[in-house]
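Below is one structure; the comments refer to it alone.
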Amino acid sequence: MTTDSQRPKISERFNAVDSDLTLASHDNVHFKVHRINLKMHSDIFADAEDISSSTPAATSEVVSLTESASVLELLLQYMYRQPPPDLSEIEFSRVADLAEAAEKYRVYFAIDACKRSMCDAIPQHAFEVLTWAVKHKHSKIIDLAAQRTVSLPTDNICEAISPPILAPWLQYHKHWLDALNTEYARYPPTAMHWNNSTRECDIPCEAWTHSYAMIAQKLGARPHLLLKLDEVFGPSEDYLQTRCGECKETLATWRAIIGRELERIPNTYTIRLRFFKFHTPFNQGYDNSSSAVECFLRFPKSILLFERQWKCHGGTGKVDTA
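Counting from 37, one number per residue, gives the positions in the sequence shown under the working numbering.
In structure tokens form, the structure reads like this:
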């Protein structure tokens, strides 16, 4: 006997009367959808051999997926003619799950929206975004997230990013910390100007001390701000404009030196190449990509095999051909 707790719930949004396919979330919610929509918007479902089947047996088919109902609710909205969800109003963990599902099923409209949303989340979730971007090889997002992470605490770094990313990230992080320490040591917080009376440089410049403090307060221990010199130096340049021409020139020289020194730091493309060698494409081990699709995309039973392939890819980067 099926109890109320075992009986599946039906999605209110996706409960089409003429549905020819049912998707089941891992938390036992059923989505009654149309095969043609999945075929048009998802590479994975499009490659399934019997996606267009309309036999009674196919129509009553229930395909169990590993995603939660809340994630499938979002993902399916990108496969129907309706306004997409506003991801800015959704908590990051749910957006991250959606981004993973969009990549998994290759729903391109959803992937594009998730890429924008993940970029917006970098200030608060840089490590999580970096890990996701590396896994799916979104190079521009890798650049943005990696730059942001160099200013974050490293107390729990081993829990924040996966081991394959950790080693190259630590090297990248060291380059930026070295650059920051070098700039702090380049000029002292005090400056002495020439004294015609004593014929020595013994007149302290209060304007320089104040402008230096403004830079130090803005820059702090955040190396990524070295990439935003207007933001770091702008207020000090304005302050020195009418107070000390000599220190203004010194500040301009300092800023120019930083620009040249940053060019010597290995860019994120170099680091990115190290990242990618740990992530094997889905079709490794097959003669060609079409044979890979042929192997595990026979809808709907093939979805179970596809789930296994996806887990292997996310965990070890190896494809299970069994």
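Note that beta-carbon positions come from the ideal geometry of N, C-alpha and C, so glycine has one too.
Using a Cβ-based criterion (distance less than 7 Å to any ligand heavy atom), does residue i qualify as near the ligand GTP?
{"i": "Asp238", "result": "This structure simply doesn't include the ligand GTP, nor any ligand for that matter."}
In its own chain, which residues sit with a C-beta less than 6 Å from the C-beta of residue i, not counting the 5 before and 5 after it?
{"i": "Val107", "result": "Asp133, Leu134, Ala137"}
{"i": "His260", "result": "Gln183, Arg184, Val186, Ser187"}
{"i": "Pro44", "result": "Asn64, His66"}
{"i": "Pro271", "result": "Met250"}
{"i": "Val98", "result": "Thr58, Ala60"}
{"i": "Ala196", "result": "Phe163"}
Would you kindly report the start and end of the unbroken beta strand (DSSP E) that includes residue i?
{"i": "Leu59", "result": "57-60"}
{"i": "Met228", "result": "228-231"}
{"i": "Lys284", "result": "It is not in any beta strand (DSSP E) - Lys284 instead sits in the alpha helix (DSSP H) that spans 281-298."}
{"i": "Glu273", "result": "Not the beta strand (DSSP E): Glu273 falls in the alpha helix (DSSP H), residues 265-276."}
{"i": "Ile46", "result": "45-51"}
If you follow the alpha helix (DSSP H) that residue i is in, where does it begin and where does it stop?
{"i": "Glu97", "result": "Element bounds for Glu97: n/a, residue is neither H nor E."}
{"i": "Ile178", "result": "175-185"}
{"i": "Glu103", "result": "Note, Glu103: premise wrong, no alpha helix (DSSP H); not H, not E."}
{"i": "Leu200", "result": "The amino acid at residue 200 is misidentified as Leu; the sequence shows Pro. Run containing Pro200: 199-222, per the alpha helix (DSSP H) assignment."}
{"i": "Asp71", "result": "At residue 71 the sequence reads Arg, which differs from the Asp that was named. From DSSP, the alpha helix (DSSP H) with Arg71 extends over 71-77."}
{"i": "Ile193", "result": "193-196"}
{"i": "Ile251", "result": "242-255"}
Using the C-alpha atoms, what's the distance from residue j back to residue i?
{"i": "His211", "j": "Asp79", "result": "40 Å"}
{"i": "Lys171", "j": "Leu101", "result": "21 Å"}
{"i": "Gln253", "j": "Tyr208", "result": "24 Å"}
{"i": "Tyr141", "j": "Val268", "result": "43 Å"}
{"i": "Ser338", "j": "Tyr144", "result": "Below a pLDDT of 50, predicted positions are generally treated as unreliable, and Ser338, at 46, falls in that range; no measurement from the model is reported."}
{"i": "Ile147", "j": "Ile177", "result": "13 Å"}
{"i": "Ala52", "j": "Glu103", "result": "20 Å"}
{"i": "Tyr275", "j": "Glu125", "result": "40 Å"}
{"i": "Lys151", "j": "Pro121", "result": "14 Å"}
{"i": "Val165", "j": "Asn231", "result": "55 Å"}
{"i": "Ala82", "j": "Arg71", "result": "9 Å"}
{"i": "Leu265", "j": "Asp156", "result": "21 Å"}
{"i": "Gln277", "j": "Arg258", "result": "26 Å"}
{"i": "Lys75", "j": "Ile158", "result": "32 Å"}
{"i": "Met228", "j": "Leu123", "result": "54 Å"}
{"i": "Ala200", "j": "Thr245", "result": "Inspection of the sequence shows that residue 200 is occupied by Pro rather than by Ala. Rounded to whole angstroms, Pro200 to Thr245 spans 44 Å at the Cα level."}
{"i": "Arg300", "j": "Pro240", "result": "34 Å"}
{"i": "Ala149", "j": "Ser175", "result": "16 Å"}
{"i": "Lys173", "j": "Ser153", "result": "16 Å"}
{"i": "Phe128", "j": "His161", "result": "8 Å"}
Is it buried or exposed for residue i, if we count other Cβ within 10 angstroms and need 16 for buried?
{"i": "Cys237", "result": "exposed"}
{"i": "Trp205", "result": "buried"}
{"i": "Ser61", "result": "buried"}
{"i": "Met250", "result": "buried"}
{"i": "Ala203", "result": "exposed"}
{"i": "Asp214", "result": "exposed"}
{"i": "Val69", "result": "buried"}
{"i": "Glu219", "result": "buried"}
{"i": "Thr58", "result": "buried"}
{"i": "Lys284", "result": "buried"}
{"i": "Cys280", "result": "buried"}
{"i": "Ile46", "result": "exposed"}
{"i": "Ala288", "result": "exposed"}
{"i": "Ala169", "result": "buried"}
{"i": "Ser247", "result": "buried"}
For residue i, which residues of its own chain have a beta-carbon under 8 Å away from its beta-carbon, when the five flanking residues on both sides are left out?
{"i": "Ser198", "result": "Thr167"}
{"i": "Arg130", "result": "Ser106, Val107, Leu110"}
{"i": "Thr190", "result": "His209"}
{"i": "Leu298", "result": "Ala215, Leu262, Leu263"}
{"i": "Asp54", "result": "His70"}
Ignore the nearest five residues each way along the sequence and tell me which others in residue i's own chain have a CB closer than 7 Å to its CB.
{"i": "His77", "result": "Tyr114, Met115, Val143, Phe145"}
{"i": "Glu48", "result": "none"}
{"i": "Val329", "result": "The predicted model places Val329 with a pLDDT of 34, which falls under 50 and marks its position as unreliable, so this point remains unresolved."}
{"i": "Leu180", "result": "Cys155, Ile158"}
{"i": "Phe50", "result": "Phe67, Lys68, Val69, Leu112"}
Against chain D, does residue i count as a neighbour if the rule is that its beta carbon must be under 8 Å from one of theirs?
{"i": "Asp122", "result": "In summary, chain D is missing from the structure at hand, where a single protein chain is found."}
Ignoring anything shorter than 4 residues or poking outside the region 118-166, list the alpha helix (DSSP H) runs there in chain order.
-> Listed in chain order, the complete alpha helix (DSSP H) runs (minimum 4 residues) inside the region 118-166 are 128-141, 144-156.
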